[in-house]
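Beneath this line is the structure, given in structure tokens, with notes to follow.
In the working numbering, the protein residues as written are -16 to 324.
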């Protein structure tokens, strides 16, 4: 009896094992479906892109004059101090007035003597040589007086501001540093070294933008006033003079300045800055372009100027191309993608 029971249990186990084996054979294999990368896209368009180059320069006075007598004389009066504004023709320095008074007296006496000899000469009372000597003495006195006046009463030749004072009243000027320095700072000027390849695009009257480190957030406008006719052989640049009105006198000579020069405006292809990807470990930049079959291709691009959150594209992308602006980090060339808003 026990033997029959054992055989029945064994048969049941075999049936169960067979049933389990049949279940494994009929079970469908699992399939893992790969999801396409999702990307956002935008279009390459054309727009006017100005060709702007930046240069560094230093603010300079439009004109600078060293105010001094031409002879070593005692300074008797200085009418202005550092920071004072002056006008052309105003007397700045007076020096050596005693010599001037002596020269005025001599000129007066020589004039009287000439008039006396002239009457005698016309009557035949003096010789031609005596009369000529009197005329010469008068001319020399006049010339000497004019020179002394120019050096005794020193006037400003320009409208400007006093920027340096090197002497005091009572000093004897000894042909060294100027007594005063006057600079014209309305306008000011900057000399910009424009590269050989760019200078042909610039012309007199072109407007430029100026920024200075000392006045952050402020921008000044100037115009090209002069283009030098020669090239600096050391730097291979052409000096260009820029004038800035500076009516409020905010720009001071000596300030370090950045000058932006617009040479021309080009109609160029542009893409959003997010579409341009820098390749790791190189200076190469690429754009992922969406093809009609929803695959992407990697295009190496040459970029130009950056303007309004867009890059100018000089090569690699054409107007109307669809470019990826989000989701590039996981993409490979030839891969099919899903476009999302």
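Backbone N, C-alpha and C define an ideal beta-carbon position, used for all residues, glycine too.
Euclidean distance between Cα positions of residue i and residue j
| i | j | result |
| --- | --- | --- |
| residue 132 | residue 87 | 9 Å |
| residue 283 | residue 264 | 15 Å |
| residue 187 | residue 240 | 20 Å |
| residue 142 | residue 51 | 17 Å |
| residue 224 | residue 194 | 16 Å |
| residue 210 | residue 192 | 17 Å |
| residue 145 | residue 203 | 24 Å |
| residue 152 | residue 233 | 31 Å |
| residue 222 | residue 214 | 7 Å |
| residue 121 | residue 105 | 18 Å |
| residue 109 | residue 103 | 6 Å |
| residue 230 | residue 158 | 34 Å |
| residue 243 | residue 36 | 6 Å |
| residue 267 | residue 286 | 10 Å |
| residue 248 | residue 32 | 5 Å |
| residue 130 | residue 208 | 36 Å |
| residue 257 | residue 38 | 28 Å |
| residue 216 | residue 175 | 15 Å |
| residue 23 | residue 303 | 16 Å |
| residue 292 | residue 69 | 48 Å |
| residue 149 | residue 44 | 19 Å |
| residue 99 | residue 117 | 10 Å |
| residue 34 | residue 154 | 56 Å |
| residue 205 | residue 85 | 51 Å |
| residue 259 | residue 160 | 59 Å |
| residue 312 | residue 305 | 17 Å |
| residue 246 | residue 289 | 16 Å |
| residue 53 | residue 218 | 38 Å |
| residue 220 | residue 177 | 5 Å |
| residue 168 | residue 323 | 59 Å |
According to DSSP, residues forming a beta bridge with residue i
| i | result |
| --- | --- |
| residue 54 | DSSP, once it has assigned bridges, lists no residue as partnering residue 54. |
| residue 281 | 271 |
| residue 38 | 242 |
| residue 23 | 309 |
| residue 181 | DSSP lists no partner for residue 181. |
| residue 173 | 225 |
| residue 233 | In DSSP, residue 233 forms no bridge with anything. |
| residue 249 | 32 |
| residue 205 | 191 |
Which of helix, strand or coil DSSP assigns to residue i
| i | result |
| --- | --- |
| residue 45 | strand |
| residue 62 | coil |
| residue 192 | strand |
| residue 215 | strand |
| residue 118 | helix |
| residue 95 | helix |
| residue 292 | coil |
| residue 78 | strand |
| residue -15 | For residue -15, the pLDDT reaches just 45, beneath the cut-off of 50, and the residue's location in the model is therefore unreliable, leaving the point undetermined. |
| residue 85 | helix |
| residue 163 | strand |
| residue 151 | coil |
| residue 111 | helix |
| residue 142 | coil |
| residue 317 | coil |
| residue 256 | helix |
| residue 324 | coil |
Buried or exposed (CB count within 10 angstroms, at least 16 for buried), residue i
| i | result |
| --- | --- |
| residue 92 | exposed |
| residue 280 | exposed |
| residue 64 | exposed |
| residue 328 | Here the chain comprises residues numbered -16 to 324, so residue 328 is not present and cannot be evaluated. |
| residue 95 | exposed |
| residue 156 | buried |
| residue 139 | buried |
Meets three-Cβ-pair contact criterion under 8 Å: the segment 167 to 183 and the segment 267 to 274:
Touching, no.
Cβ contact check for the segment 78 to 96 and the segment 52 to 64: 3 or more pairs under 8 Å:
Yes: the two stretches touch, three or more of their Cβ pairs being nearer than 8 Å.
Determine contact between the segment 158 to 177 and the segment 39 to 49, defined as no fewer than three beta-carbon pairs at a distance below 8 Å.
Enough Cβ pairs lie closer than 8 Å, so yes.
Under 8 Å: do the segment 295 to 304 and the segment 245 to 253 share three or more Cβ pairs, one atom per stretch?
Between the segment 295 to 304 and the segment 245 to 253 there are three or more C-beta pairs closer than 8 Å, enough to call the two in contact.
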